[in-house]
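Asks: Take this structure first; my questions come after.
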Amino acid sequence: MLSYILKRIALMIPTLLGALTITFIVMQFVPGGPVEQIMAEAASGPGEQSAYKAGRDLDKQRLEELKKLYGFDKPAHVRYVEMLSSYARFDLGKSFMQNKDVWTLIKEKLPVSISLGLWTFLISYMISIPLGIAKAAREGTRFDAFSSVLVLVGYAVPGFVLGILLIVLFAGGTFLDWFPLRGLTSDNWEELAWGARIVDYFWHLALPLACLVIGSFAVTTMLTKNTFVEEMRKQYVLVARAKGLSSRRVLYKHVFRNALIPLVTGFPAAFVGAFFTGSVLIETLFSLDGLGLLAFESVVRRDYPVVLGSLYLFTLIALVVKLVSDLLYVWVDPRVQFTSVAK
0 MLSYILKRIA LMIPTLLGAL TITFIVMQFV PGGPVEQIMA EAASGPGEQS
50 AYKAGRDLDK QRLEELKKLY GFDKPAHVRY VEMLSSYARF DLGKSFMQNK
100 DVWTLIKEKL PVSISLGLWT FLISYMISIP LGIAKAAREG TRFDAFSSVL
150 VLVGYAVPGF VLGILLIVLF AGGTFLDWFP LRGLTSDNWE ELAWGARIVD
200 YFWHLALPLA CLVIGSFAVT TMLTKNTFVE EMRKQYVLVA RAKGLSSRRV
250 LYKHVFRNAL IPLVTGFPAA FVGAFFTGSV LIETLFSLDG LGLLAFESVV
300 RRDYPVVLGS LYLFTLIALV VKLVSDLLYV WVDPRVQFTS VAK
């Protein structure tokens with residue numbers, strides 16, 4: 000097992016390098032870098048000057064100063080080596096556009112991503128797994144068919160479309176004004192008592208969570224149902240029923256552990272993924288400044304340190320979580336052994 004873990008850790012390095020290298024190379028050919036962004040923003044000031052005129056009138060000395068400021072006076076291979084050296088020390092650099100450390104920006108956006116990701120994950124699993132088990136126990140009934148239709152319709156409706164509908168209905172649109180439309184908390188949140196703070200927090204999260212949760216039911220629910228149905232058709236279940244055990248006892252004592260193996264092994268990836276795969280459109284609709292919006296804006300504005308730093312951090316987390324998932328598989332099912340695979 001130890002040799003398998005060490006080999007997996009060793010394989011993380013080329014995988015991480017590959018992701019960073021490909022992204023870095025692509026960025027060298029993308030038009031409109033940070034210098035061009037600064038020139039365009041300068042041109043959008045007072046007057047009728049265009050971005051082209053601003054770039055033409057900018058003297059060469061100023062242009063060279065901008066390139067030196069952002070490190071573009073160095074060859075690409077030198078910047079690549081410097082980037083890898085910094086990332087080896089977990090130094091993600093400083094944002095071109097916001098003049099802040101990338102670590103600081105990520106920390107500032109984490110509360111929104113944690114709030115959306117954690118509650119979306121918990122609510123989805125707390126509803127999807129019991130619902131999937133109930134569907135498996137009642138396979139072929141009206142309950143199974145009706146719940147399948149509801150789950151699949153919720154999955155088919157895009158989250159941002161549902162968000163617009165909820166805003167129109169409940170957030171001061173055409174009909175009701177029950178929920179706020181921006182931020183995680185109210186402006187006077189610090190002045191509220193603890194109980195009122197909790198209520199205010201979930202009051203702001205209600206509509207965004209509804210958009211994210213409804214679309215995430217289908218996969219987990221149907222996976223749970225299909226896994227339980229497959230286990231319930233195996234020979235050991237038939238033997239247990241032939242011995243006179245009740246259906247409930249067979250389901251929860253014999254089937255439950257084996258059927259949950261795919262869900263439990265996917266638990267770390269789903270848990271971490273919920274934090275870093277938030278919907279940019281949902282964050283934009285409800286004015287929530289999270290990691291999804293940060294990544295989108297950094298790509299649009301060519302803020303390369305934020306793009307590469309976020310990619311490095313998220314790829315590293317994904318690789319570690321994948322290893323944890325494999326180890327968790329062994330813990331749940333001791334029959335699985337990686338020693339033979341490692342050889």
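0 is the number of the first residue of the sequence shown in numbering that gives the first Met the number 0; add one for each residue after it. By construction, the Cβ of each residue, glycine as well, lies at the ideal position given by its N, Cα and C atoms.
Just confirm the distance between the C-beta atoms of P304 and L91, as a whole number of angstroms; I'd bet it's less than 8 Å.
Replies: In the sequence shown, residue 304 corresponds to position 305, counting from 1. In the sequence shown, residue 91 corresponds to position 92, counting from 1. Between L91 and P304 the Cβ distance is about 7 Å, and since that is below 8 Å, they are a contact.
Asks: Is DSSP giving A170 helix, strand or coil here?
Replies: The sequence position of residue 170 within the sequence shown is 171, counting from 1. Of the three classes helix, strand and coil, the one that applies to A170 here is strand, per DSSP.
Asks: Are S278 and T219 close, meaning C-beta to C-beta below 8 Å?
Replies: Taking the first residue of the sequence shown as position 1, residue 278 is located at position 279. Taking the first residue of the sequence shown as position 1, residue 219 is located at position 220. Taking 8 Å as the Cβ cut-off, S278 and T219 do not qualify as a contacting pair.
Asks: By a C-beta neighbour count over all protein chains shown, 10 Å radius and 16 as the cutoff for buried, is Y3 buried or exposed?
Replies: Locating residue 3 in the sequence shown gives position 4, where the first residue counts as 1. Buried: at least 16 other Cβ atoms inside 10 Å.
Asks: Going along the chain, which unbroken runs of the beta strand (DSSP E) with 3 or more residues stay wholly within the segment 116 to 196?
Replies: Those beta strand (DSSP E) runs which fall completely within the segment 116 to 196 and span 3+ residues do not exist here.
Asks: Measuring alpha carbon to alpha carbon, tell me which residue in L208, R248, A135 and Y124 is nearest L161.
Replies: Taking the first residue of the sequence shown as 1, we reach residue 161 at position 162. The option with the nearest alpha carbon to L161 is L208.
Asks: Per DSSP, what are the beta-bridge partners of K93 in this structure?
Replies: The residue you call residue 93 lines up with position 94 of the sequence shown. Answer is D100, bridged to K93.
Asks: Count the other CB atoms within 10 Å of the CB of G343; is the residue buried (16 or more) or exposed (fewer)?
Replies: In the structure as shown, the chain begins at 0 and stops at 342. Residue 343 is therefore absent and cannot be evaluated.
Asks: What are the start and end residues of the alpha helix (DSSP H) that includes Y86?
Replies: Position 87 of the sequence shown, counted from the start, is the residue given in the question as residue 86. First-last of the alpha helix (DSSP H) with Y86: A75 to A87.
Asks: In whole angstroms, what separates the C-alpha of D100 from that of K93?
Replies: Here residue 100 refers to the residue found at position 101 when the sequence shown is read from its first residue. Here residue 93 refers to the residue found at position 94 when the sequence shown is read from its first residue. Distance between the alpha carbons of D100 and K93 is about 4 Å.
Asks: When DSSP labels each residue in this structure, what does K66 get in the three-state scheme?
Replies: Along the sequence shown, read from residue 1 onward, the residue named residue 66 stands at position 67. Here K66 sits in helix by DSSP.
Asks: With L191 and D199 assumed to form a contact (beta carbons below 8 Å), what rounded beta-carbon distance in angstroms separates them?
Replies: Here residue 191 is taken as the residue at index 192 of the sequence shown, counted from 1. Here residue 199 is taken as the residue at index 200 of the sequence shown, counted from 1. Going by Cβ atoms, the distance from L191 to D199 rounds to 6 Å, so yes, they are a contact pair.
Asks: Would you mind reading off the limits of the alpha helix (DSSP H) that contains F285?
Replies: Translated into the one-based positions of the sequence shown, residue 285 becomes position 286. Careful: F285 lies outside any alpha helix (DSSP H) and carries neither H nor E.
Asks: So does S147 have its beta carbon nearer than 7 Å to some heavy atom of the ligand GDP?
Replies: You won't find the ligand GDP in this model; it holds no ligand whatsoever.
Asks: Report all residues from its chain with a CB closer than 8 Å to the CB of V306; omit the five preceding and five following residues, and keep chain order.
Replies: Taking the first residue of the sequence shown as position 1, residue 306 is located at position 307. Taken in chain order, the residues that qualify are T22, M26, A294, S297 and V298.
Asks: Is it true that the CB of I166 sits closer than 8 Å to the CB of L180?
Replies: Locating residue 180 in the sequence shown gives position 181, where the first residue counts as 1. Locating residue 166 in the sequence shown gives position 167, where the first residue counts as 1. Going by C-beta atoms, L180 is nearer than 8 Å to I166.
Asks: According to DSSP, is F71 part of a helix, a strand, or is it coil?
Replies: Counting from 1 along the sequence shown, the entry for residue 71 is found at position 72. DSSP places F71 in coil when its eight states are reduced to three.
Asks: Using three-state DSSP, classify L259 as helix, strand or coil.
Replies: The residue labelled residue 259 in the question sits at position 260 within the sequence shown. Correct three-state label for L259: coil.
Asks: Going by DSSP in three states, D325 sits in which element: helix, strand or coil?
Replies: The residue you call residue 325 lines up with position 326 of the sequence shown. DSSP places D325 in helix when its eight states are reduced to three.
Asks: On the three-state DSSP scale, how would you describe K242?
Replies: Translated into positions along the sequence shown, residue 242 becomes position 243. Correct three-state label for K242: coil.
Asks: Grab the span of the alpha helix (DSSP H) containing K6 for me, first residue to last.
Replies: On the sequence shown, residue 6 is found 7 positions in, with the first residue counted as 1. Per DSSP, K6 belongs to the alpha helix (DSSP H) from L1 to F28.
Asks: Hey, out of K224, L237 and S245, whose CA is closest to L262's CA?
Replies: Against the sequence shown, residue 262 aligns to sequence position 263. The option with the nearest alpha carbon to L262 is K224.
Asks: By how many angstroms is the C-alpha of S215 removed from the C-alpha of G182?
Replies: What you label residue 182 is simply residue 183 of the sequence shown in a count that begins at 1. What you label residue 215 is simply residue 216 of the sequence shown in a count that begins at 1. Spanning the two alpha carbons is a distance of roughly 23 Å.
Asks: According to DSSP, is D199 part of a helix, a strand, or is it coil?
Replies: Here the question's residue 199 lines up with position 200 in the sequence shown. Here D199 sits in helix by DSSP.
Asks: Tell me, please, whether the segment 138 to 145 touches the segment 315 to 330 by the rule of three or more beta-carbon pairs shorter than 8 Å.
Replies: With a cut-off of 8 Å, the segment 315 to 330 and the segment 138 to 145 do not count as touching, because too few Cβ pairs lie within range.
Asks: DSSP three-state call for G291: helix, strand or coil?
Replies: Looking up residue 291 in the sequence shown gives position 292. Three-state DSSP puts G291 in a helix.
Asks: Reducing DSSP to helix, strand and coil, say where L222 ends up.
Replies: As a position in the sequence shown, residue 222 is number 223, starting the count at 1. Helix.
Asks: Run through DSSP, which three-state label would Y233 get?
Replies: Walking along the sequence shown from the start, residue 233 turns up at place 234. Note that residue 233 is Lys in the sequence shown, not Tyr. Coil at K233, not helix or strand.
Asks: Between the Cα of K108 and the Cα atoms of L322, R78, Y311 and S286, which residue gives the shortest distance?
Replies: The residue given as residue 108 occupies position 109 in the sequence shown. Ranking the options by Cα distance to K108, first place goes to S286.
Asks: Would you tell me roughly how many angstroms separate the C-alpha atoms of R301 and V29, rounded to the nearest one?
Replies: Indexing the sequence shown from 1 puts residue 301 at position 302. Indexing the sequence shown from 1 puts residue 29 at position 30. Spanning the two alpha carbons is a distance of roughly 9 Å.
Asks: If you draw a straight line from the C-alpha of Y124 to the C-alpha of I12, how long is it?
Replies: For the purposes of this step, residue 124 is taken as the residue at position 125 of the sequence shown. For the purposes of this step, residue 12 is taken as the residue at position 13 of the sequence shown. Taking the straight line from one Cα to the other gives about 33 Å.
Asks: With distances taken from CA atoms, which of R232, F95 and V111 is nearest V66?
Replies: Within the sequence shown, the letter at position 67 stands for residue 66. Residue identity check: residue 66 is Lys in the sequence provided, not Val. Measuring from the Cα of K66, the nearest candidate turns out to be F95.
Asks: Let me know the secondary structure DSSP gives R300 once reduced to three states.
Replies: The count along the sequence shown starts at 1 and reaches residue 300 at position 301. R300 falls in the coil class under three-state DSSP.
Asks: Tell me the DSSP secondary structure of S215 in three-state form.
Replies: Position 216 of the sequence shown, counted from the first residue, corresponds to residue 215. Helix.
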